[in-house]
Every structure is written in structure tokens, then in C-alpha cells.
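Residue numbers (the numbering used here): 67 to 599.
Accompanying notes for the structure given below.
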């Protein structure tokens with residue numbers, strides 16, 4: 067991009083690029099693949115708007131220079147504008163050829179022109195085309211040569227404007243610079259290797275948009291450099307050029323609202339849905355947060371219509387030009403990652419990571435929990451949920467104050483532990499009689515169920531806290547000792563033990579210490595018999 071402060075469009079392009087490149091690494095579902103198709107459709111519509119606008123700007127530059135008497139300082143700028151348009155068309159067409167090759171090779175569309183989810187998921191074809199066949203490296207060279215070419219064209223016309231590289235390696239992208247697993251990947255591996263066809267299709271469309279945006283900035287600089295700009299407004303049309311007409315709830319909608327023959331010397335007044343629009347160099351800057359819809363169609367979309375007005379001077383009179391623009395709000399998909407994501411354990415610290423991939427870097431989550439409590443983590447999306455005793459727990463997900471949706475889970479009771487006996491050497495095998503007079507030491511432990519112990523280690527601390535050990539002879543109790551912890555003092559009990567006796571371990575109470583250090587006592591009657599030989 068050009069030096070200096072970034073425009074809203076530049077920031078939006080940067081954000082969408084980062085979202086697309088980050089999503090390339092996901093194991094995507096059919097629903098996310100459909101969102102890639104929708105994003106690609108929106109980007110292609112934006113490209114058409116860009117092309118129409120830029121072609122009009124080239125014609126406007128030529129007309130303005132002619133109307134101003136073909137000033138010798140301005141005449142070269144007409145040729146420069148045409149060269150910029152030609153160079154852009156060539157790069158755009160090159161990218162379009164690559165996109166079509168990708169879709170044709172992968173059989174991404176059926177005979178009816180519908181996209182195939184299985185083809186869009188294919189991750190081998192992009193790697194083969196762009197890495198094995200080296201077309202990705204050629205693409206990087208063409209994309210990065212384009213900004214330099216445009217800067218040279220402008221320089222010959224007396225305009226100093228430089229642009230940075232378009233196709234960057236991971237180390238040159240801020241979001242990846244501190245990611246040890248990604249930062250050493252080059253442009254090709256970052257974007258195409260092991261990436262699904264659907265995502266690569268949308269990414270190529272985004273690069274086409276970046277090329278057209280550089281062209282737009284360049285033509286704007288040429289226009290601004292022409293002396294005392296004016297135009298003959300005999301045909302006037304109001305338009306909106308949006309970054310995309312598909313926008314996820316919780317993210318910003320950004321677009322240019324403009325008169326097709328607008329100039330920097332004009333000062334039109336613009337409104338959208340009754341709100342005043344900021345005008346810069348004749349273009350209205352529209353920016354608002356898309357609110358979630360009450361209903362979405364089967365594609366996960368909700369149709370919206372912007373209605374606005376532009377008041378400008380046409381032929382010496384102020385005229386009101388109405389404008390409408392149709393766009394869609396896409397329903398964000400809530401993604402929850404957890405070891406226990408299907409069911410949450412009651413009164414335990416269930417650690418979740420809740421993300422909404424469609425929101426990208428704009429994700430600023432907050433949560434509400436019904437039938438339970440929660441602790442928000444230090445990183446976005448980290449949430450520890452402590453459900454109530456039974457039923458379901460409902461988690462409400464919002465971002466930036468906008469409700470995204472809810473996720474609910476069944477509440478699962480904590481599984482009972484298994485009581486096991488140990489001596490000083492290890493576990494006691496109860497299938498065989500223990501040599502008289504019995505074990506010199508007895509340890510009674512409550513072992514958590516394997517899955518619960520693995521996933522909920524902070525809540526899986528069990529201890530036997532009640533019961534007794536009884537010495538039987540001929541099934542008649544002789545002596546007994548209480549169980550107050552895992553180590554049971556049985557030395558005196560076994561002093562009179564003989565071969566043929568038996569020990570009965572009767573457990574009456576087990577205590578669990580949860581993640582807060584609270585003691586939760588449960589009566590868990592269990593009887594274990596150990597023979598003495």
C-alpha cells in the first residue's frame with residue numbers, strides 16, 4: 067500500500083487478507099466452504115465495481131484534460147492513466163486465468179454450474195498447481211512487480227507514489243511474525259500448500275481486488291494532480307462500491323458511496339438510512355457494524371437494503387440523487403473447542419475455547435451462562451464454565467456488544483471413582499489370598515474414572531474419608547479399625563490374624579476436592595473382601 071495513513075478500504079483489504087490466509091489452515095466444513103463461495107462472489111462483485119469506476123476515471127481524466135485545453139503538463143497524465151489501466155487489466159486477467167485453471171482442474175463446478183463441496187475441499191490440486199508446477203512463485207513475482215510498474219508509470223507523469231509488495235511471505239505479515247509454526251513459510255506454502263480449493267479461489271479474488279485498489283489509488287493521484295479539475299455533468303449516476311456485499315454479523319460493512327462523475331472540487335452532501343455520511347474528495351465513506359438478523363435463510367444469509375441520497379450541483383442546480391444497495395448479513399458460526407465439548411461435568415471447571423472464525427481480528431467476545439457460572443480467561447474466547455447440578459447449560463456468545471448466538475450442552479454428573487487397595491509394593495491382587503498375617507501396610511485409594519481424570523484433572527482429586535477394616539474369622543468379626551484417610555493403621559488389627567481369616571474393607575464415604583479447593587462429600591457404600599492364606 068502507499069505510504070502514510072491507511073484508508074478504511076485499505077484496512078478492510080488488509081483485514082480480509084489476514085482472515086483468508088488464516089482460514090486456509092483450517093479443516094473446513096461444508097458450511098465454511100459455502101461461506102468461501104459467498105465471500106468469493108462478493109469479492110468478484112467488488113472487482114466489477116472497481117473496474118467500472120476505474121474505467122470511468124480514465125475517461126474522466128482524458129475528458130478533463132481536453133476540456134482544460136490539453137495543458138502540456140497534463141497531457142502525459144492521460145497516457146499514464148491508460149498505461150495504468152492496461153497494466154492492471156493484464157495482471158487481473160492473469161489472475162483470472164489462474165483461478166479458472168484451478169476451478170477447471172479440480173472440477174469445482176458441475177454441469178449446472180453449481181459448486182461441489184468435495185471438489186472445494188480438495189487440498190492436493192492447489193499445491194500441485196502453485197507449488198509443484200511453480201505457478202505460485204510466478205504469481206508472487208507478477209503481483210510484486212505490478213506495484214513497482216505502476217510507480218514507474220506515475221513517476222514518468224511527474225507523480226511520486228510508491229506501493230508495497232502484494233504477495234508476502236509469512237515473516238512479512240504482522241499476524242504471523244511471532245508464530246513459530248508459520249513465520250518461516252514462504253508465500254506459496256502459506257497460501258496454497260494443503261489449502262482447500264474453495265479458500266484459494268477466494269484468495270485469488272482478493273488479490274484481484276488489491277490490484278484494482280492500487281489502480282484506483284493511482285488514478286486518484288493522477289486526477290488530483292490535474293490543474294483546476296472540473297467536469298461537464300450531463301449524465302450523473304449515484305453508486306455504492308462495497309468491499310463485499312456479504313458481511314458477517316459483528317464485523318464492519320465498508321463501502322464508497324459516490325457520484326459516477328464526482329470530482330475533488332465538488333462537495334456533495336450524502337446520507338444513508340437517514341444518517342450523514344462523511345465525504346472525502348467527493349466520495350462518501352460508509353462504515354457501520356452489521357447487527358445480527360432475527361432470521362437467516364437456508365444459506366445462512368439475511369438480506370438488507372441500504373437507502374440513501376446524494377445532493378449535488380448538476381447544471382447549476384442542486385439535485386437529489388437517490389441510491390439503493392442490496393447486501394447480505396452472514397450468520398457467524400460459533401466454534402467451541404474442548405476435551406469435554408459434548409457434555410459438561412456438573413460443578414466442575416470445564417475449560418472451553420469459543421471462537422467465531424468469520425469475525426477474524428474483530429472478534430471481541432463476551433459471554434453469559436445460564437444454569438451455571440463462568441470465569442473468563444486472559445485470552446479472547448477462553449472461558450471456564452461451572453455448570454449447575456443437572457439439566458442443560460446455555461452459553462450466550464456476543465462480540466463487541468452484538469449477540470452472535472447460543473450454544474447449549476447437557477450437564478453430566480461426576481462419575482464415581484473406583485476404590486482400589488495397595489500395599490507397600492503396589493496394587494493388591496484380590497483374586498488371590500494374601501499371605502498371613504496380611505499386608506504390613508494398607509492404602510485405600512479412590513481412583514477417578516479414566517476419561518474424567520484425564521480431562522478434568524483439577525476436579526478429579528478423590529479420597530476415601532470414611533469406612534472401616536474388619537478382621538473376620540469363620541465369618542465372625544474379631545477386630546476392626548476405622549478408615550480416616552488413604553493410609554489405614556492395621557498393624558494391631560493383624561497381630562492376631564491367621565491363615566484362613568479375611569479382611570473386609572467397608573468404604574462408606576468418599577470426598578472430592580474440586581478446582582476451588584472445596585470438599586464435596588459423597589456417601590459411596592462399597593465392600594471389598596481380601597482373603598488371607
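All C-beta atoms, glycine included, are put in the ideal place defined by N, C-alpha and C.
Range of the contiguous alpha helix (DSSP H) that encloses residue i
{"i": "residue 289", "result": "263 to 291"}
{"i": "residue 158", "result": "141 to 171"}
{"i": "residue 519", "result": "516 to 521"}
{"i": "residue 217", "result": "201 to 222"}
{"i": "residue 528", "result": "From DSSP, residue 528 is part of no alpha helix (DSSP H) but of the beta strand (DSSP E) over 527 to 539."}
{"i": "residue 192", "result": "190 to 193"}
{"i": "residue 186", "result": "183 to 187"}
{"i": "residue 255", "result": "253 to 257"}
Pair within 8 Å by beta-carbon distance, residue i and residue j
{"i": "residue 350", "j": "residue 324", "result": "yes"}
{"i": "residue 420", "j": "residue 460", "result": "no"}
{"i": "residue 124", "j": "residue 216", "result": "no"}
{"i": "residue 143", "j": "residue 292", "result": "yes"}
{"i": "residue 394", "j": "residue 367", "result": "yes"}
{"i": "residue 277", "j": "residue 157", "result": "yes"}
{"i": "residue 182", "j": "residue 173", "result": "yes"}
{"i": "residue 258", "j": "residue 197", "result": "yes"}
{"i": "residue 594", "j": "residue 552", "result": "no"}
{"i": "residue 362", "j": "residue 409", "result": "no"}
{"i": "residue 451", "j": "residue 578", "result": "no"}
{"i": "residue 146", "j": "residue 214", "result": "no"}
{"i": "residue 337", "j": "residue 375", "result": "yes"}
{"i": "residue 187", "j": "residue 262", "result": "yes"}
{"i": "residue 521", "j": "residue 576", "result": "no"}
{"i": "residue 100", "j": "residue 370", "result": "no"}
{"i": "residue 306", "j": "residue 377", "result": "no"}
Residue span of the beta strand (DSSP E) that contains residue i, given as start and end
{"i": "residue 486", "result": "484 to 489"}
{"i": "residue 321", "result": "318 to 325"}
{"i": "residue 543", "result": "542 to 548"}
{"i": "residue 474", "result": "468 to 478"}
{"i": "residue 597", "result": "585 to 597"}
{"i": "residue 402", "result": "401 to 403"}
{"i": "residue 461", "result": "458 to 465"}
{"i": "residue 352", "result": "349 to 355"}
{"i": "residue 558", "result": "That residue, residue 558, is in no beta strand (DSSP E); it is neither H nor E in DSSP."}
{"i": "residue 446", "result": "Where residue 446 is concerned, there is no enclosing beta strand (DSSP E), given that its DSSP letter is neither H nor E."}
Outcome for residue i when other beta-carbon atoms lying within 10 angstroms are tallied against a minimum of 16
{"i": "residue 208", "result": "buried"}
{"i": "residue 93", "result": "Summary for residue 93: the model assigns pLDDT 47, below 50, so the residue's position carries little reliability, and this model does not support an answer."}
{"i": "residue 342", "result": "exposed"}
{"i": "residue 591", "result": "exposed"}
{"i": "residue 565", "result": "exposed"}
{"i": "residue 289", "result": "buried"}
{"i": "residue 165", "result": "buried"}
{"i": "residue 598", "result": "buried"}
{"i": "residue 441", "result": "exposed"}
{"i": "residue 506", "result": "exposed"}
{"i": "residue 360", "result": "exposed"}
{"i": "residue 550", "result": "exposed"}
{"i": "residue 113", "result": "buried"}
{"i": "residue 136", "result": "exposed"}
{"i": "residue 339", "result": "exposed"}
{"i": "residue 228", "result": "exposed"}
{"i": "residue 120", "result": "buried"}
Contacts around residue i, its chain only, beta-carbon distance under 7 Å, and the 5 residues preceding and following it disregarded
{"i": "residue 580", "result": "413, 414, 525, 586"}
{"i": "residue 141", "result": "131"}
{"i": "residue 434", "result": "462"}
{"i": "residue 417", "result": "404, 450"}
Near the ligand MN: residue i beta-carbon under 7 Å from a heavy atom
{"i": "residue 482", "result": "No copy of the ligand MN appears in this structure; indeed no ligand is present at all."}
Inter-residue CB distance, residue i and residue j (contact presumed, cutoff 8 Å)
{"i": "residue 267", "j": "residue 106", "result": "5 Å"}
{"i": "residue 514", "j": "residue 483", "result": "5 Å"}
{"i": "residue 554", "j": "residue 546", "result": "Not quite, the Cβ-Cβ distance comes to about 11 Å (not below 8 Å), so this is no contact."}
{"i": "residue 233", "j": "residue 255", "result": "About 13 Å separates the two Cβ atoms, so there is no contact after all."}
{"i": "residue 317", "j": "residue 428", "result": "5 Å"}
{"i": "residue 219", "j": "residue 153", "result": "7 Å"}
{"i": "residue 345", "j": "residue 334", "result": "6 Å"}
Contacts around residue i, its chain only, beta-carbon distance under 6 Å, and the 5 residues preceding and following it disregarded
{"i": "residue 503", "result": "560, 563"}
{"i": "residue 88", "result": "For residue 88, the predicted structure reports a pLDDT of 49, less than 50, and the residue's modelled location is therefore unreliable. The matter cannot be settled from this model."}
{"i": "residue 271", "result": "106, 109, 110"}
{"i": "residue 533", "result": "549, 572, 573, 574"}
{"i": "residue 511", "result": "486, 552"}
{"i": "residue 406", "result": "416, 521"}
Spatial neighbours of residue i in its chain, beta-carbon cut-off 8 Å, leaving aside the 5 residues before and after
{"i": "residue 401", "result": "420, 421, 422, 423"}
{"i": "residue 493", "result": "486, 487"}
{"i": "residue 430", "result": "446, 465, 466"}
{"i": "residue 104", "result": "312, 365, 367, 394, 396"}
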